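Participant: In the UniProt record's numbering, the protein residues as written are 1 to 328. Where a beta carbon is used, it is the ideal one built from N, C-alpha and C, also for glycine. Please read these numbers as outputs of a predicted model, since none were measured by experiment.
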Ligand SMILES: Nc1ncnc2c1ncn2[C@@H]1O[C@H](COP(=O)(O)OP(=O)(O)OP(=O)(O)O)[C@@H](O)[C@H]1O
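1) What is the C-beta distance between residue 40 and residue 9, in whole angstroms, given that I count them as a contact (C-beta under 8 angstroms)?
2) Measuring CB to CB, does residue 284 end up less than 8 angstroms from residue 292?
3) Given this structure, state the Cα-to-Cα distance separating residue 6 from residue 43, to the nearest angstrom.
4) What is the DSSP secondary structure of residue 289, reduced to helix, strand or coil?
5) Could you name the residues of the same chain whose beta carbon sits closer than 6 angstroms to that of residue 110, not counting the 5 residues immediately before and after it, in chain order?
6) Does the contact criterion of 3 or more C-beta pairs under 8 angstroms hold for the stretch 183–190 versus the stretch 137–145?
7) By DSSP, does residue 272 sit in helix, in strand, or in coil?
8) Please state whether DSSP places residue 172 in a helix, a strand or coil.
9) Would the C-beta of residue 235 count as close to ligand 1, meaning under 7 angstroms from any of its heavy atoms?
10) Taking residue 249 as the reference, which of 234, 217, 296 and 49 has the closest Cα?
11) Quick one: what does DSSP say residue 242 is sitting in, helix, strand or coil?
12) Would you check whether ligand 1 has a heavy atom nearer than 7 angstroms to the C-beta of residue 63?
13) Should residue 307 go down as buried or exposed, given a rule of 16 or more other Cβ atoms within 10 Å for buried?
14) Look up residue 20 in the DSSP assignment and say whether it is helix, strand or coil.
Below you can see the structure in the form of structure tokens.
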């Protein structure tokens, strides 16, 4: 059963364009010039109940705007939308109980209160029956391993601890759909890994449909079987995550610091990104990365080396330039 359905969903924003300087400000008071910006255009999407979907795209691609329409925060300009059988922007109470949103950059917790106080507040807000509340809370406290931090003021907690509590608050009322906008942003590798483990478990055991946006490709790769790529408001790819990365994430990003001032050269083909006397950042084809590492270790005295996943921007560019088309 489809829990989310959109057809040609479009959101156009009107933006006031101000001319520079004081004169421009005065002019703007009497005669306003507007520019239209399509943040999401003709977006057609179906999501089945229980799916865990990655929504990826570069900055400004339209991800947050899409999530805001799916959760009813803003109304679409055009197109059809149905989420859990509702038109989201009607904001019916019966709809609000069906979903939860967690945004990495915004908090639902009250910083002066303890987590236990906030849980109680949400229990009242969502009218959660006592036995359901107790059962869910016990389950999540055990799953997230947060027993020790429930009675301390939220403002004293680390970002990773806070994110676990954000997720518990969001899941207390048993939402059918969980929207996650950058839930691992700013977290260290250990905390990111823990959050991923919890989300996987919630999706598998509770059957919660999860839509995840993240700039960390590792989040998407390890959690989402299917992923949707958005660029300039349009859908660019909708299909198997493994296929996407195999086909379009062809390079790795390598950053090397040298002990002495050195200008890196190599017989192996690479794309230079940044160069300074002691540091070089480059892109290397995945299959050549081992060879490059060996070359580096043999010929240079290295202070540090890091190998990262390639930026989503490059992946999007390759999909965009791929004339063979994308899976749908
Ligand atoms: N309220 C608004 N008024 C005008 N333009 C807006 C508004 N909200 C978003 N936009 C524009 O719509 C486009 C898409 O923005 P959106 O925040 O959806 O992108 P995003 O993919 O979430 O980006 P990021 O990854 O940087 O958060 C951007 O060009 C943005 O400037």
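Facilitator: So, from the data block:
1) Confirmed, about 6 angstroms.
2) Judged by their CB atoms, residue 284 and residue 292 are nearer to each other than the 8 angstroms cut-off.
3) Those two C-alpha atoms are separated by around 7 angstroms.
4) Of the three classes helix, strand and coil, the one that applies to residue 289 here is helix, per DSSP.
5) 118, listed in sequence order.
6) Too few Cβ pairs lie closer than 8 angstroms, so no.
7) Residue 272 falls in the strand class under three-state DSSP.
8) Looking at residue 172 - three-state DSSP - the assignment turns out to be coil, as it is neither helix nor strand.
9) No, Cβ of residue 235 sits at least 7 angstroms from all heavy atoms of ligand 1.
10) With distances taken between Cα atoms, residue 249 lies closest to 217.
11) Reduced to three states, the DSSP call for residue 242 is helix.
12) For ligand 1, a non-hydrogen atom lies closer than 7 angstroms to the CB of residue 63.
13) Classification for residue 307: exposed.
14) Coil, per DSSP.
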